[in-house]
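Numbering (the numbering used here), first residue to last: 11 to 480.
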Amino acid sequence: MWHRIRRERAEGVSAVDDPAKLGSFALLGDADPVPQSLFVAYPEQAKTLALLHEVSRELTAILDREELLRRVAERIKKIVDYDVFSVMLWNEQTQLLESVFAMCPSDALPARTGIPLHKGLTGTAAGQRRVLRVHDVSEDPRYIRCETGVDARSEIVVPLLMQDRLIGVLDLESTRAHAFTVEHERMLSTLGSYVAVALENARLYEDARENERRLRTDLDTAREIQRQLLPTGAREVPGLDLAAAYVPARELGGDFYDFLPYGEGRLAVALGDVSGKGTAAALYASLAIGTIREIVVDHACDPAHVLALLNQRLHSARLDSRFIAMLFAVYDAASRQLRLSNAGSPYPLVFRDGHVLSVRLEGIPLGLLPGTQYDESILDLVPGDVVVFASDGILESANAAQEEFGLQRLSAVLSSFSKEDSARAIAERILAETDAHSGVGTAPHDDRTLVVLRVTDETGSDFSKLPIIY
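Below is the structure:
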């Protein structure tokens, strides 16, 4: 038992009524270590208090369960001469105690998984919420022998409780009878409450990590599905060199592009950006892609009419308060005309003879207002012309000083190209310049999506495998 210390001073030791009181103080993580003078006056009690102080400080910093229990076992060994140290945790679903850790001569866990409450010494201690200290297990019918590699004679089982909620049990066994004392019982009871809290913290930490891993897996799967919705080929259109780039952000986003056949020698190009981030934005983008394809198959009308129809469909199926900014264009190889409409996207850029022109075409984003009509522009293109559709993730890409890449920098990049540069080379250069501006290796905060059309004087183009850049 703890021996009461009289109110006196011995060799500089302050008067203390009960070592248990000092033990509670010493268990605080920021408490001072046990004074050296106490070791001189009361060596056993001081040694125990030092252990409790040491363990309590360590437990707050360990979130790995295996490491946590290994450290507890090693520290207890300094005070209690045990042969087997094991811990069983309570499984709420199975209503059983299950072995999770052991230090004993045999490397394997003691075969005591699946012990219900009130069965065996461990189940009894857990069920009664109290410490069981057995001097000779051979005389206790509740004892269940396990394959631990030792012939146990005495055992002490400490329930691990947190606000009367069972976390598990801590179990020590010895080959000697009467190996565990009242002092051991009290020390282990005090320590058990801290171990219970530490185990619960470790469990919550592992649950959080597992949830994060599961969420990351789900996001990766969603990104892959989203990527597979994007086209990897297009119908052959004479005299058109085409490339696309899609760089997803850290979060699941709502950027998309599409290429759709529009009759002989004609190709439709769509680039959209759903407001917001996350799964909802990605789902809304998928809805938009499917709806565009349906409209094109049923109508194959001019771009302004396509956007008007799409706006009506999206408004009736609006998700939260989301909307979609979109460019939609149709290229006719015979006339080299590009007809396009804009619903709130950044202006398209046209590069011709070393100069960059901005097509200032505006419109209300899709899904906001029913009955919206859209304007349409017609561009007469010539061989060597380059048209660039870029999402705001390109233009708004910021550096450490929060300076956006912007239309001026994008125009400067386009001005550096020659007529011989391919659509792919142009797309790759724009992405490289955007990365250099925001910081190479920095994950973008928004999707970066790009479509480049380059008019050539060739009689045909093969888009069976587009130079898509991911």
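Built from N, CA and C at the ideal position, the CB exists for glycine as well.
- As for any alpha helix (DSSP H) of minimum length 4 sitting wholly inside the stretch 230 to 283, there is none.
- Taking the Cα positions, residue 407 is about 8 angstroms away from residue 455.
- Taking residue 206 as reference, the option from 273, 172, 423 with the minimal CA-CA separation is 172.
- With a 10 Å radius around the Cβ and a threshold of 16 neighbouring Cβ atoms, residue 174 comes out exposed.
- Taking C-beta atoms as the reference points, residue 318 and residue 384 count as a pair closer than 8 angstroms.
- Under the Cβ criterion (8 angstroms, minimum of three pairs), the stretch 288 to 295 does not count as touching the stretch 402 to 417.
- DSSP places residue 308 inside the alpha helix (DSSP H), whose first and last residues are 289 to 308.
- In this structure residue 423 is buried. Its beta-carbon is surrounded by 16 or more other beta-carbon atoms within 10 angstroms.
- In this structure, the CA atom of residue 187 is about 46 angstroms from the CA atom of residue 221.
- In the DSSP annotation of this structure, the continuous segment of the alpha helix (DSSP H) that includes residue 132 starts and ends at 130 to 138.
- In the DSSP assignment, residue 414 is bridged to 408.
- For residue 464, the secondary structure class from DSSP, reduced to helix, strand or coil, is strand.
- Between residue 366 and residue 389 the beta-carbon gap is near 14 angstroms, outside 8 angstroms, which marks them as no contact.
- Considering only 263, 72, 357, 87, the residue with the shortest C-alpha distance to residue 215 is 72.
- In this structure residue 308 is exposed. Its beta-carbon is surrounded by fewer than 16 other beta-carbon atoms within 10 angstroms.
- Judged by DSSP in its simplified three-state form, residue 72 adopts coil rather than helix or strand.
- In the structure shown, residue 341 adopts extended strand secondary structure according to DSSP, grouped into three states.
- Separation of residue 169 and residue 112 (C-alpha to C-alpha, rounded to the nearest whole angstrom) is 16 angstroms.
- Residue 136 and residue 101 have their C-alpha atoms spaced approximately 12 angstroms apart.
- At a Cβ-Cβ threshold of 8 angstroms, residue 375 and residue 334 count as neighbours.
- In the structure shown, residue 440 adopts helical secondary structure according to DSSP, grouped into three states.
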